[in-house]
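Read the structure below first, then the notes.
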Amino acid sequence: MKNHRSNAFILGAIVVLILIGLLLVESQTKFMSRLYDDIVMDSKVIYLSCSELPSVDEVTSVVEQHKDIIAQIERVDPGHVGVYVNSFSCPETAYIVIDYASHADRLKIEQIINSETFFGIPYELLNR
0 MKNHRSNAFI
10 LGAIVVLILI
20 GLLLVESQTK
30 FMSRLYDDIV
40 MDSKVIYLSC
50 SELPSVDEVT
60 SVVEQHKDII
70 AQIERVDPGH
80 VGVYVNSFSC
90 PETAYIVIDY
100 ASHADRLKIE
110 QIINSETFFG
120 IPYELLNR
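If you read the sequence shown in numbering that gives the first Met the number 0, its first letter stands for residue 0, the second for the next number, and so on.
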């Protein structure tokens, strides 16, 4: 009987340690959050702190310099694709948000951008 309790305790401790390890890994990498965003929500969300984001002026400048590509992205599905600068969460810094209506739109947008950043600026892809 004692041996059975010891084994159950050890197994429980191992499970708890594994869960703590997974929580630590998730807090650092956002692996599960990214997986959920990508597979379930069909979105690409950035997980950067305000201090890791570029200034509003820098983001606005890049958007202005690449109006032609922004227009090309918006033409993927007119009226259903939008591109805007988000500085709401972090007032002095910003990133680009691109929203779209379907997975097909997302694939076309990703093909146009063809990079993890939009000319050095972080961006989110949000399926609305």
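Ideal placement from N, C-alpha and C gives every residue a C-beta, glycine not left out.
Bear in mind the structure is a predicted one, so any value in this text is a computation, not a measurement.
Which one or two residues does DSSP pair with residue i in a beta bridge?
| i | result |
| --- | --- |
| Ile-95 | Val-84, Tyr-122 |
| Lys-129 | Shown here, the chain extends from 0 to 127; a query on residue 129 therefore has no answer. |
| Phe-117 | Ile-120 |
| Ser-54 | Thr-92 |
Give the single residue among the options whose Cα lies nearest to the Cα of residue i.
| i | options | result |
| --- | --- | --- |
| Ile-145 | Ser-32, His-65, Gly-20, Ala-100 | Only positions 0 to 127 of the chain appear in the structure, and residue 145 is not among them; the question remains open. |
| Gln-71 | Ser-42, Lys-107, Leu-34 | Lys-107 |
What number of angstroms, rounded off, separates the C-alpha of residue i from the C-alpha of residue j?
| i | j | result |
| --- | --- | --- |
| His-79 | Ile-69 | 14 Å |
| Leu-16 | Tyr-35 | 23 Å |
| Pro-77 | Ala-103 | 13 Å |
| Ser-25 | Ser-32 | The question names Ser, but residue 25 in the sequence shown is Glu. Each residue's Cα considered, the two are about 8 Å apart. |
| Asp-37 | Leu-125 | 10 Å |
| Ser-5 | Val-39 | 40 Å |
Classify residue i as buried or exposed, calling it buried when 16 or more other Cβ atoms lie within 10 Å of its own Cβ.
| i | result |
| --- | --- |
| Asp-56 | exposed |
| Val-82 | buried |
Taking 8 Å as the cut-off, does the segment 85 to 95 touch the segment 114 to 121 (at least 3 CB pairs, one atom from each stretch)? Note that the segment 114 to 121 touches the segment 85 to 95; at least 3 beta-carbon pairs, one per stretch, sit closer than 8 Å.
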